[in-house]
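Under the working numbering, the first residue of the sequence shown carries the number 42, and numbering increases by one thereafter.
Glycine included, each C-beta is placed from N, C-alpha and C at the ideal position.
First comes the structure, then the notes that go with it.
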Amino acid sequence: MRLSLRASYAAALAALVAACGQQPAALPAPAFAPAAANVAPPKCKGQQDNKKRASLKVTLSTKGGSLCVPAFGGFGGSIEYPKVERSVVLTIRTSTSNIYDEPLLGTGTPILYLNLHFRAGTHFEGSVKSEGGVQSAQIEPGQPYTSYGEVTVGHLALMFPPCYSNAMSGPYGGLIPNIGSMLRNTTITGAGYGVLEIYSGAQVSQEC
Numbered sequence: 042m043r044l045s046l047r048a049s050y051a052a053a054l055a056a057l058v059a060a061c062g063q064q065p066a067a068l069p070a071p072a073f074a075p076a077a078a079n080v081a082p083p084k085c086k087g088q089q090d091n092k093k094r095a096s097l098k099v100t101l102s103t104k105g106g107s108l109c110v111p112a113f114g115g116f117g118g119s120i121e122y123p124k125v126e127r128s129v130v131l132t133i134r135t136s137t138s139n140i141y142d143e144p145l146l147g148t149g150t151p152i153l154y155l156n157l158h159f160r161a162g163t164h165f166e167g168s169v170k171s172e173g174g175v176q177s178a179q180i181e182p183g184q185p186y187t188s189y190g191e192v193t194v195g196h197l198a199l200m201f202p203p204c205y206s207n208a209m210s211g212p213y214g215g216l217i218p219n220i221g222s223m224l225r226n227t228t229i230t231g232a233g234y235g236v237l238e239i240y241s242g243a244q245v246s247q248e249c
């Protein structure tokens, strides 16, 4: 009996020593969700913000150029515009809701409103660079988007020719190119207010 107990004790002690000599099992690394990337386009220099919109005052160049879109609601980027016969001041306001009671120019609800205030009349020429675009993580690359626009001077409303663009991948999400082509060969007859509206889908047959 004593021999049996000693043997059992020795075996248990040997097992304990062996267990202490083993390396502890590696614990699985905790899973942390990666921080979301900041994909919002940057603000324009000099833009002014409030809870409903962002605005920017610019002077259109007679040489044409790039119009910075005030960043708001995850949207931003730029729009190329043609040469203008007369350099005029333009205020552009970005919003994601119809805060100025604009007419709905397309079908459905726009994903973006770009409200325009021309301080004087001018004429846009017929050539525009294909660079830049409106950008947002809410824009899906590969999908079509349609742009409509109009400017009202007094009682006269000028409709820009609507067109659609297939969104591309940009540095801040999807990018809608060539919106500025709507301005080609159009005349703003005087100081007036207007809007550019962007809708999901190809609602017209003309490509920007």
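Does any residue of chain C have a CB that is nearer than 9 Å to the CB of residue i?
{"i": "Lys92", "result": "The structure shown contains no chain C; it holds only a single protein chain."}
Can you give the Cα-Cα distance for residue i and residue j, rounded to whole angstroms?
{"i": "Pro182", "j": "Asn219", "result": "15 Å"}
{"i": "Ser138", "j": "Leu153", "result": "7 Å"}
{"i": "Pro212", "j": "Ala81", "result": "9 Å"}
{"i": "Asn91", "j": "Leu101", "result": "24 Å"}
{"i": "Gly87", "j": "Gly106", "result": "17 Å"}
{"i": "Gly221", "j": "Val99", "result": "16 Å"}
{"i": "Leu237", "j": "Ser210", "result": "22 Å"}
{"i": "Tyr141", "j": "Lys93", "result": "10 Å"}
{"i": "Ser206", "j": "Ser136", "result": "20 Å"}
{"i": "Lys104", "j": "Glu172", "result": "15 Å"}
{"i": "Met223", "j": "Leu199", "result": "12 Å"}
{"i": "Gly233", "j": "Ala161", "result": "7 Å"}
{"i": "Val130", "j": "Ile180", "result": "29 Å"}
{"i": "Val125", "j": "Leu108", "result": "13 Å"}
Less than 9 Å separating the beta-carbons of residue i and residue j?
{"i": "Gly215", "j": "Gln176", "result": "yes"}
{"i": "Ala95", "j": "Arg127", "result": "no"}
{"i": "Thr163", "j": "Phe201", "result": "no"}
{"i": "Val169", "j": "Ile229", "result": "no"}
{"i": "Pro185", "j": "Gly242", "result": "yes"}
{"i": "Gly235", "j": "Gly195", "result": "no"}
{"i": "Pro203", "j": "Leu146", "result": "yes"}
Hey, out of the options, whose CA is closest to residue i's CA?
{"i": "Thr132", "options": "Leu224, Asn156 and Glu166", "result": "Asn156"}
{"i": "Cys249", "options": "Glu121, Gln89, Phe113 and Leu145", "result": "Glu121"}
Can you give me the start and stop residues for the beta strand (DSSP E) that residue i sits inside?
{"i": "Met200", "result": "Leu197 to Asn207"}
{"i": "Ala95", "result": "Ala95 to Thr100"}
{"i": "Pro122", "result": "Contrary to the premise, residue 122 reads as Tyr rather than Pro in this sequence. Per DSSP, Tyr122 belongs to the beta strand (DSSP E) from Phe116 to Tyr122."}
{"i": "Val175", "result": "Val175 to Ser177"}
{"i": "Pro185", "result": "Pro185 to Val194"}
Since residue i and residue j should fall inside the 8 Å C-beta cutoff, what is the C-beta to C-beta distance between them, to a whole number of angstroms?
{"i": "Phe165", "j": "Pro123", "result": "5 Å"}
{"i": "Thr150", "j": "Val245", "result": "That pair is no contact at about 17 Å."}
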